[in-house]
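**Q** In UniProt numbering, the protein residues as written are 1 to 85.
We treat Cβ as the ideally placed atom computed from N, Cα and C, and that holds for glycine.
1) For the putative contact between residue 41 and residue 57, defined by C-beta atoms under 8 Å, what is the C-beta separation to the nearest angstrom?
2) Is residue 45 closer than 8 Å to residue 26 when the C-beta atoms are compared?
3) Taking 8 Å as the threshold (C-beta atoms), are residue 64 and residue 50 in contact?
4) Looking at the unbroken beta strand (DSSP E) that takes in residue 15, where does it start and where does it end?
5) With 16 other CB atoms within 10 Å as the buried threshold, where does residue 61 fall?
6) Measure how close the beta-carbons of residue 14 and residue 1 come, nearest whole angstrom, since I'm counting them as under 8 Å.
7) Identify which residue in 11, 24, 10 has its Cα closest to the Cα of residue 4.
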């Protein structure tokens, strides 16, 4: 199950820690250096191999993070199936 919680409760509104099955796996946050332009959200995957990117909306950033984690899981399973690490 995927959940998110504010990274800094009561301080920063647009900064979220993302959890998968209760484990911290990444973060999404508004990139304020782009303001007042339309929203730009950064995301990064905290589990190896690390990956990051940006998106136009919070939902797109969350989906990109999830996709990156699932792709890494698939690659890991493929490599393990071939006897690789």
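**A** Considering the structure as presented:
1) Residue 57 and residue 41 do touch by the CB rule: their CB atoms are close to 7 Å apart, below 8 Å.
2) yes
3) no
4) 15-20
5) buried
6) Not a contact, Cβ separation roughly 23 Å.
7) 24
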